[in-house]
Amino acid sequence: MNTKYMPDYELQTWAYHLSMSYPFDLDYLSPDDRRYNIYVATLIPKLSIDEDSIQFFEDYIRFDVIVGTGEHTSGETLDISIISDDMPEFDHRKFEFAYEQPRKAMVFTGWEKGPIELNLLHVYLAESKYYLDTEIVYIGQAFGENGERLPAEELMSDPTLQKVEADILREYPEKDLALLLLEFKSQLLEEIDSEDEELVQLQELTKNPPPGLNNQILDATEAALINYFKPEYNKKLNDDFPNVEDHRLRYRSATVQIHPDIMGLKLFSKEKTYLSNERIVSSLSESNS
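If you count the sequence shown from 1, you need to add 1 to reach my numbering.
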């Protein structure tokens with residue numbers, strides 16, 4: 002496909018789907034789930050439950066979540082329901098309950114269909130009325146050596162991510178490492194002439210790019226994110242930040258959006274705080290002239 006018109010247009014990429022989890026809990030995703038193409042290693046406050054506060058009611062469970070450690074703690078009472086269309090016959094009051102602190106999981110056992118687990122991080126993000134402080138420390142692509150998307154749980158075999166985790170556990174014992182997984186989509190931002198068949202094809206090409214073009218779009222997206230946030234471990238592990246022009250894809254500018262407010266996240270790094278729905282713009286006008 003001829004992309005000679007690309008320099009006349011603005012490319013937009015946005016996080017179409019977001020998911021967050023502790024590294025040890027990535028198996029909640031399907032082993033075949035390969036949608037995510039960029040991952041973000043983040044530091045979040047430690048979450049725990051005051052086990053003495055747990056109360057069981059007919060339609061919900063109530064407990065106090067403790068956010069942070071030491072002098073930097075806050076608390077919030079959550080009421081959560083685990084009744085769903087998938088298991089209408091499940092009555093949480095009839096089964097054994099345990100809170101497993103190392104895995105931060107609430108576990109019900111004794112049900113004939115198997116144990117039911119509630120991940121504290123997922124529950125907090127879904128139910129809390131507060132935004133969770135989420136510091137970005139590393140940004141990378143979720144791809145294997147041959148360019149295929151990795152199943153989420155295989156990310157932890159990434160040597161770079163393993164090093165980041167080891168360093169964080171040593172340097173920031175008061176925080177937890179969480180992975181923010183992002184699926185980015187792309188499109189040309191401007192309206193195009195619907196009578197120009199080649200431009201129409203170009204528009205469709207950026208919405209559903211083939212592997213080669215998709216990799217270039219993701220390279221540009223990753224570079225824009227890294228240059229914006231300047232994460233601590235991208236600095237430590239690389240002498241230079243990637244250049245948004247270091248790829249063959251040519252266009253006037255690229256705009257990247259993350260939409261962290263969907264999950265109740267306050268994203269920031271040591272260099273930058275991301276405002277809700279802010280557009281990260283990487284201009285390539287000079288290189289395209």
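We put the CB at the ideal spot given by N, CA and C, even for glycine.
Count the other C-beta atoms from every protein chain shown that fall within 10 angstroms of the C-beta of residue i, then say buried if there are 16 or more, exposed otherwise.
{"i": "Y229", "result": "buried"}
{"i": "I39", "result": "buried"}
{"i": "N235", "result": "buried"}
{"i": "A167", "result": "exposed"}
{"i": "D26", "result": "buried"}
{"i": "A225", "result": "buried"}
{"i": "Q13", "result": "buried"}
{"i": "I140", "result": "buried"}
{"i": "I263", "result": "exposed"}
{"i": "S290", "result": "Below a pLDDT of 50, predicted positions are generally treated as unreliable, and S290, at 38, falls in that range; the measurement from the model is reported next regardless. Classification of S290: exposed, given that the 10 Å Cβ count is below 16."}
{"i": "V282", "result": "exposed"}
{"i": "S22", "result": "buried"}
{"i": "S187", "result": "buried"}
Look up residue i in the DSSP assignment and say whether it is helix, strand or coil.
{"i": "I218", "result": "helix"}
{"i": "L27", "result": "helix"}
{"i": "L158", "result": "Note that residue 158 is Ser in the sequence shown, not Leu. S158 falls in the helix class under three-state DSSP."}
{"i": "Q163", "result": "helix"}
{"i": "E172", "result": "helix"}
{"i": "F96", "result": "coil"}
{"i": "D262", "result": "helix"}
{"i": "K105", "result": "coil"}
{"i": "L276", "result": "coil"}
{"i": "I83", "result": "coil"}
{"i": "L151", "result": "coil"}
Looking at the strands, I want to know which residues DSSP matches up with residue i.
{"i": "I281", "result": "V257"}
{"i": "K186", "result": "W15"}
{"i": "R36", "result": "DSSP, once it has assigned bridges, lists no residue as partnering R36."}
{"i": "I140", "result": "V41"}
{"i": "G69", "result": "T74"}
Report, in whole angstroms, the separation of the C-beta atoms of residue i and residue j, which I expect to be a contact under 8 Å.
{"i": "D177", "j": "I45", "result": "5 Å"}
{"i": "E97", "j": "G115", "result": "Their Cβ separation, rounded to whole angstroms, is 13 Å, which puts E97 and G115 out of contact at 8 Å."}
{"i": "Q217", "j": "W15", "result": "Wrong, their Cβ atoms sit about 17 Å apart, outside the cutoff."}
{"i": "L122", "j": "A179", "result": "7 Å"}
Would you verify that the beta carbon of residue i is, or is not, closer than 9 Å to some beta carbon of chain C?
{"i": "L30", "result": "Among the chains in the structure shown there is no chain C, since it carries only a single protein chain."}
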